[in-house]
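A.B. asks: Please find one structure pasted underneath; my questions will follow.
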Amino acid sequence: VPSRQIVERQPRMLDFRVEYRDRNVDVVLEDSSTVGDIKHILENELQIPASKMLLKGWKTGDVDDSTVLKTLHLPKNNSLYVLTPDLPPPSSSHSGALQESLNQNFMLIITHREVQREYNLNFSGSSTIQEMTLAVSGVNFPCHRLTVGRRSSPVQTREQSEEQCTDVHMVSDSDGDDFEDATEFGVDDGEMFGVASSALRKSPMMPENAENEGDALLQFTAEFSSRYGDCHPVYFIGSLEAAFQEAFYGKARDRKLLAIYLHHDESVLTNVFCSQMLCAESIVSYLSQNFITWAWDMTKEANRARFLTMCTRHFGSVVAQTIRTQKTDQFPLFLIIMGKRSSNEVLNVIQGNTTVDELMMRLMAAMEIFSAQQQEDIKDEDEREARENVKREQDEAYRISLEADRAKREAQEREMAEQFRLEQIRKEQEEEREAIRLSLEQSLPPEPKEESTESVSKLRIRTPSGEFFERRFLASSKLQVVFDFVASKGYPWEEFKLLGTFPRRDVTQLDPNKSLQEVKLYPQETLFLEAKE
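Structural data, given as structure tokens:
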């Protein structure tokens with residue numbers, strides 16, 4: 003018995019890029035490994051217990067630590083995320099905390115008493131106030147409120163009064179004393195707090211009373227990139243209806259969730275939410291893969307009213323009232339919308355006071371609900387397409403059957419028409435032949451009597467069917483008279499030849515103008531007819 007050669011399948015290597023907070027870890031494993039093997043590697047790299055990890059980003063259904071990677075049918079390159087909701091943010095040393103504070107963005111909400119205006123200013127922690135950085139000044143993170151105004155003095159000279167105009171008194175809402183040393187700041191020709199007045203007025207995210215939603219979203223995207231950098235969600239450029247069309251109305255396999263970001267420049271949470279949540283690489287990547295993201299600016303009253311009208315039309319008055327009652331400092335809002343057969347359902351309304359991990363978990367929870375619905379839709383769509391395919395095949399078979407029946411019927415009609423035509427031709431030919439026969443028969447000279455005194459030739463002619471007919475002719479009659487007689491009996495000489503017996507000869511080849519006596523058909527002769535080939 004010949005031995006069998008066993009070919010072992012070579013293991014397939016899979017690449018994983020795993021993101022956790024501000025770190026990326028590259029993991030390479032064979033597809034025979036399990037999800038738990040990835041966690042053990044991450045446990046060593048991130049110094050996080052595997053039991054505390056939530057490894058997310060899988061494209062399939064339920065995945066646990068014992069799941070073998072090969073059963074997930076993964077591509078070569080994969081992106082995953084680690085969430086640790088049970089762990090507090092990592093602690094650091096004082097110097098590490100200081101460095102982190104220097105890199106953070108602080109929002110200073112400054113109220114100018116004289117003009118009764120409020121300014122929202124963004125500064126890095128390394129910005130200075132009289133040689134003191136914001137990181138160590140004692141201001142609250144991420145937002146701090148300040149009030150500025152001219153310093154008053156009981157007794158002033160003219161010079162002091164003029165100097166007073168450039169002296170600003172600042173009141174802080176900080177509970178500490180660190181900030182109290184920095185109370186006077188030089189102001190010159192429209193400059194306040196060391197920043198030009200033009201910098202205090204940011205460009206609006208969206209024009210007020212924007213007529214074209216696509217143009218408004220183009221400005222929104224440009225301004226968002228200018229403020230927070232290019233790493234941000236890809237905002238859909240177009241109307242809300244067009245975003246619905248893109249997200250909900252394709253084939254079931256191509257549908258996505260719709261994320262609506264509602265911006266508000268006057269909220270104290272906006273800058274932190276945008277810079278630390280929306281611009282986080284993990285959030286940007288997850289939104290790009292699974293969502294169509296649309297945005298709107300709620301800062302201006304006209305734009306806010308316009309969105310509430312759209313919201314009522316598309317989601318109903320309850321959702322519109324929920325958004326209408328949101329306070330300014332509860333913005334930004336992130337609405338997660340799932341398209342259904344009859345209506346669009348708002349799965350979640352996420353307020354601005356959240357964390358990256360919490361935002362990611364709520365996005366993933368929405369995706370789990372959507373994925374379950376999507377699988378049902380795909381099944382229904384596949385079944386519907388299968389039914390439609392069967393119906394199309396049946397319709398095509400019926401059409402082919404009808405076409406075959408029609409072709410058969412037309413062939414039969416053509417055949418009947420051809421038979422009728424041939425029959426008509428045959429009848430016409432028969433009528434013509436009969437007319438010729440009768441004409442020939444009438445033109446024959448009378449048959450001489452037996453007792454005629456003239457020389458008479460007696461001819462006996464045998465037909466192809468074996469019948470005989472006889473006739474007497476004058477010996478002086480031409481051979482053509484015999485041909486006409488035979489033709490009058492239905493045997494025209496064009497179709498039949500007249501043969502003699504002894505000797506055998508073809509009489510139709512003789513000169514028809516010669517007499518019977520000259521062609522030796524006298525006094526009697528037996529001839530037979532034969533059809534010409």
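Residue numbers (our numbering): 3 to 535. Note that the Cβ used here is the ideal one computed from N, Cα and C, for glycine as well.
Taking the alpha helix (DSSP H) that TYR400 belongs to, which residues open and close that run?
C.D. replies: Translated into the one-based positions of the sequence shown, residue 400 becomes position 398. From DSSP, the alpha helix (DSSP H) with TYR400 extends over 358-445.
A.B. asks: Give the range of the alpha helix (DSSP H) segment to which ILE43 is assigned.
C.D. replies: Start at 1 with the first residue of the sequence shown, and residue 43 comes out as number 41. Note, ILE43: alpha helix (DSSP H), 37-48.
A.B. asks: Can you tell me whether ALA368 is buried or exposed, with buried defined as 16 or more other CB within 10 angstroms of its CB?
C.D. replies: On the sequence shown, residue 368 is found 366 positions in, with the first residue counted as 1. Buried: at least 16 other Cβ atoms inside 10 Å.
A.B. asks: For SER490, which residues in the same chain have their Cβ closer than 6 Å to its Cβ, ignoring the five residues on either side in sequence?
C.D. replies: On the sequence shown, residue 490 is found 488 positions in, with the first residue counted as 1. Closer than 6 Å at the Cβ level, and outside the excluded window around SER490, lie ARG439, LEU442 and GLU443.
A.B. asks: I'd like the span of the beta strand (DSSP E) that includes GLN353, first residue to last.
C.D. replies: For this step, residue 353 is matched to residue 351 along the sequence shown. Unbroken beta strand (DSSP E) run through GLN353: 346-353.
A.B. asks: What first and last residue would you give for the beta strand (DSSP E) that runs through ARG1?
C.D. replies: The structure shown does not extend to residue 1, since the chain is modelled only from 3 to 535, so the question has no answer here.
A.B. asks: In angstroms with no decimal places, state the Cα-to-Cα distance between THR314 and PHE246.
C.D. replies: As a working note, residue 314 is residue 312 in the sequence shown. As a working note, residue 246 is residue 244 in the sequence shown. THR314 and PHE246: Cα-Cα distance of roughly 15 Å.
A.B. asks: From ARG401, ARG462 and GLY127, pick the residue whose C-alpha is nearest to that of ARG474; which is it?
C.D. replies: If you number the sequence shown from 1, residue 474 lands on position 472. Residue ARG462 is the option with its Cα nearest to ARG474.
A.B. asks: Is the beta carbon of ALA261 closer than 8 Å to that of LEU289?
C.D. replies: Locating residue 289 in the sequence shown gives position 287, where the first residue counts as 1. Locating residue 261 in the sequence shown gives position 259, where the first residue counts as 1. Yes, the pair counts as a contact, with Cβ atoms nearer than the cut-off.
A.B. asks: Among the residues of its own chain, which have a CB less than 6 Å from the CB of GLY216, if the five just before and after it don't count?
C.D. replies: Reading the sequence shown from its first residue, position 214 is the one you call residue 216. ILE239 and GLY240.
A.B. asks: At which residue ranges does the stretch 256-324 contain complete alpha helix (DSSP H) runs of 4 or more residues, listed in the order of the chain?
C.D. replies: 283-292 and 303-317
A.B. asks: Using 8 Å as the threshold, is the C-beta distance between ASN105 and ASN273 below it?
C.D. replies: To locate residue 105, count along the sequence shown from 1; it is residue 103. To locate residue 273, count along the sequence shown from 1; it is residue 271. Not in contact: ASN105 and ASN273 (Cβ atoms no closer than 8 Å).
A.B. asks: Excluding the 5 residues preceding and the 5 following SER68 in the sequence, name in chain order all residues of the same chain whose CB lies nearer than 8 Å to its CB.
C.D. replies: Within the sequence shown, residue 68 is the residue found at index 66, counting from 1. Taken in chain order, the residues that qualify are THR36, VAL37 and GLY38.
A.B. asks: Where do the ends of the alpha helix (DSSP H) carrying ASP532 lie?
C.D. replies: Locating residue 532 in the sequence shown gives position 530, counting from the first residue. This sequence places Glu at residue 532; Asp is not what is there. Taken as a continuous stretch (DSSP letters only), GLU532 belongs to no alpha helix (DSSP H), being part of the beta strand (DSSP E) at 526-533.
A.B. asks: Using the C-alpha atoms, what's the distance from GLN328 back to ALA307?
C.D. replies: Indexing the sequence shown from 1 puts residue 307 at position 305. Indexing the sequence shown from 1 puts residue 328 at position 326. Taking the straight line joining both Cα atoms gives about 13 Å.
A.B. asks: DSSP has SER81 in a bridge; who is on the other side?
C.D. replies: Taking the sequence shown and counting its residues from 1, one reaches residue 81 at position 79. SER81 pairs with ARG19.
A.B. asks: So, with DSSP's three-state summary, where would you put ASN105?
C.D. replies: By 1-based counting over the sequence shown, the position of residue 105 is 103. Helix at ASN105.
A.B. asks: If the criterion is Cβ atoms closer than 8 Å, does the pair PRO235 and VAL286 meet it?
C.D. replies: Along the sequence shown, read from residue 1 onward, the residue named residue 235 stands at position 233. Along the sequence shown, read from residue 1 onward, the residue named residue 286 stands at position 284. Yes. Within cutoff.
A.B. asks: For LEU500, name the three-state secondary structure that DSSP assigns.
C.D. replies: Locating residue 500 in the sequence shown gives position 498, where the first residue counts as 1. In the structure shown, the three-state DSSP call for LEU500 is strand.
A.B. asks: Note the first and the last residue of the continuous beta strand (DSSP E) segment covering GLU210.
C.D. replies: Mapped onto the sequence shown, residue 210 falls at position 208. Element bounds for GLU210: n/a, residue is neither H nor E.
A.B. asks: Measure from the alpha carbon of PHE333 to the alpha carbon of each residue in HIS316, GLN353, THR510 and GLU347, then state which is nearest.
C.D. replies: The residue labelled residue 333 in the question sits at position 331 within the sequence shown. Residue GLN353 is the option with its Cα nearest to PHE333.
A.B. asks: Thinking PRO525 and LYS460 are a contact (beta carbons under 8 Å), I'd like their distance in whole angstroms, please.
C.D. replies: As a working note, residue 525 is residue 523 in the sequence shown. As a working note, residue 460 is residue 458 in the sequence shown. About 7 Å separates the two Cβ atoms, so the contact holds.
A.B. asks: Between LEU529, GLU432 and GLU434, which has its C-alpha nearest PRO466's C-alpha?
C.D. replies: Residue numbering aside, residue 466 sits at position 464 when the sequence shown is read from its first letter. Considering only alpha carbons, the answer is LEU529.
A.B. asks: Go ahead and label ILE325 buried or exposed: buried means 16 or more other beta carbons lie within 10 angstroms of its beta carbon, across all protein chains shown.
C.D. replies: As a working mapping, residue 325 is identified with position 323 in the sequence shown. ILE325 comes out buried.
A.B. asks: Among ALA244, LYS253, ASN214 and CYS281, whose alpha-carbon lies nearest the alpha-carbon of SER547?
C.D. replies: Only positions 3 to 535 of the chain appear in this structure, which leaves residue 547 out of reach.
A.B. asks: Just how far apart, CA to CA, sit ALA218 and PRO13?
C.D. replies: Walking along the sequence shown from the start, residue 218 turns up at place 216. Walking along the sequence shown from the start, residue 13 turns up at place 11. Going from the Cα of ALA218 to the Cα of PRO13 covers about 52 Å.
A.B. asks: Rounded to whole angstroms, what's the CA-CA distance from PRO514 to ARG435? Just pull it up for me.
C.D. replies: Within the sequence shown, the letter at position 512 stands for residue 514. Within the sequence shown, the letter at position 433 stands for residue 435. Going from the Cα of PRO514 to the Cα of ARG435 covers about 21 Å.
A.B. asks: I think PHE336 touches TYR263, with their Cβ atoms under 8 Å apart; what is that distance to the nearest whole Å?
C.D. replies: Counted from its first residue, the sequence shown places residue 336 at position 334. Counted from its first residue, the sequence shown places residue 263 at position 261. Right, their Cβ atoms sit about 6 Å apart.
A.B. asks: What three-state label does DSSP hand VAL65 in the structure shown?
C.D. replies: One-based indexing of the sequence shown puts residue 65 at position 63. Residue state, collapsed to three classes: coil.
A.B. asks: With DSSP as the reference, label THR510 as helix, strand or coil.
C.D. replies: In the sequence shown, counting from the first residue as 1, residue 510 sits at position 508. Reduced to three states, the DSSP call for THR510 is helix.
A.B. asks: What did DSSP end up calling VAL483 once you bin it into helix, strand or coil?
C.D. replies: Sequence index remark: in the sequence shown, residue 483 carries index 481 (1-based). The answer is helix: DSSP assigns VAL483 an H, G or I state.
A.B. asks: Give me, in chain order, the residues of the same chain whose beta-carbon lies closer than 7 Å to that of ALA254; leave out the 5 immediate sequence neighbours on both sides.
C.D. replies: Numbered from 1 along the sequence shown, position 252 holds the residue referred to as residue 254. Result list for ALA254: GLN376, ASP379, ILE380 and GLU383, in chain order.
A.B. asks: When you compare the CB positions of SER478 and SER517, do they come within less than 8 Å of one another, or not?
C.D. replies: Position 476 of the sequence shown, counting from 1, holds the residue named residue 478. Position 515 of the sequence shown, counting from 1, holds the residue named residue 517. Yes, Cβ-Cβ distance for SER478 and SER517 is below 8 Å.
A.B. asks: By the three-class DSSP mapping on this structure, what secondary structure does SER517 have?
C.D. replies: Taking the first residue of the sequence shown as position 1, residue 517 is located at position 515. Three-state result, SER517: strand.
A.B. asks: Check the DSSP bridge columns for ASN26 and list the partner residues they point to.
C.D. replies: In the sequence shown, the residue the question calls residue 26 occupies position 24. In the DSSP output, where bridge partners are listed per residue, ASN26 has GLU21.
A.B. asks: Specify, as a first and last residue, the run of the alpha helix (DSSP H) that PHE246 falls within.
C.D. replies: To locate residue 246, count along the sequence shown from 1; it is residue 244. Its alpha helix (DSSP H) spans residues 242-250.
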